[in-house]
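Some notes on the structure that comes next.
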């Protein structure tokens, strides 16, 4: 009995040691990520805060983009991000509903899911070249908001599909069974029970999609963005300036790169603030949905 108790004691000590070890590793990883983010934000904030003025936020660039502001870039980024998520969100949600609720489980479905996962890892420049060849040249949309939004929508589609499908899988089957048992059709069950319950998780995909679309440079430089445009976009076929491409231009192709260094960091600071702001709005709305679903 004593030997058995000692063996059990050793096993429990080993389990506690492994538990503490993994907790330490997880906390260390989270701390490292947080510190990296804090350092990046501090670096950009310390170098770019002096560029943030009312003129910088409300005026177009002037003097070969060495002076003035970034208003066309801000408007263009907001337009492009929202248009791209309007493209990706409905298609992604409908696709995920079909894959999770209607499609027959089997080899073909596994291949489809594998393709979606692979598309999520394709470099953004590949999507940019596809958008240039198909939307800009073949469909003759030209360099425009529409071509850029469709390209970014396709790029963010795998993220939306994946997160939506995971949210649908998290809905207990008892919800579906109870709805069907009360006489509701499968479509009514999906629209009135499954989707409202999964809405917070679905919005997570939308948040990730907006974040990725707002920060991309390669796709928009081929399909939507121009080097300089003092005018605000007048329609979906207008060419635009966007914040990521503007930063790239100032840092690599500007006429006075060192003289515009503070403008580069200021633009980066505005981009981070804009993305965080859009994410914050979506997160607040998601939190409200979660509270409603618990009531």
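Residue numbers (the working numbering): 1 to 295. Note that CB positions come from ideal geometry on N, CA and C, so glycine has one too.
Annotation for residue 176: the continuous alpha helix (DSSP H) segment containing it runs 173-181. Boundaries of the alpha helix (DSSP H) around residue 155: 145-169. The C-beta of residue 55 has fewer than 16 other C-beta atoms within 10 Å across all chains shown, which makes the residue exposed.
For residue 239, no alpha helix (DSSP H) segment is defined, and its DSSP state is neither H nor E.
Using a Cβ-Cβ distance cut-off of 8 Å, the stretch 128-139 and the stretch 205-221 are in contact, since at least three pairs of beta carbons, one from each stretch, lie closer than that value. Judged by DSSP secondary structure, residue 186 falls within the alpha helix (DSSP H) whose first and last residues are 186-189. If you draw a straight line from the Cα of residue 179 to the Cα of residue 136, it is about 47 Å long. Residue 99 and residue 228 have their C-alpha atoms spaced approximately 43 Å apart. The three-state reading of DSSP puts residue 288 in helix, counting H, G and I together.
Taking C-beta atoms under 8 Å as the contact rule, residue 233 and residue 75 qualify, at a distance of about 7 Å.
The bridge partners DSSP lists for residue 235 come to none. Around the CB of residue 164, 16 or more other CB atoms lie within 10 Å, so the residue is classed as buried. Excluding the 5 residues flanking it on each side, residue 71 has same chain C-beta neighbours closer than 8 Å at 57, 58, 59, 60 and 232, in chain order.
Shown here, residue 230 sits in coil according to DSSP, grouped into three states, outside any helix or strand. In this model, residue 161 and residue 101 are separated by some 13 Å (Cα to Cα).
Under the DSSP assignment, residue 93 falls in the alpha helix (DSSP H) whose first and last residues are 71-97.
Counting only the Cα atoms, residue 117 lies some 15 Å from residue 107. Closest option to residue 156, judged by alpha-carbon separation, among 204, 277 and 198: 204.
The Cβ atoms of residue 209 and residue 167 lie no closer than 9 Å to each other.
The C-alpha of residue 279 is placed about 20 Å away from the C-alpha of residue 39.
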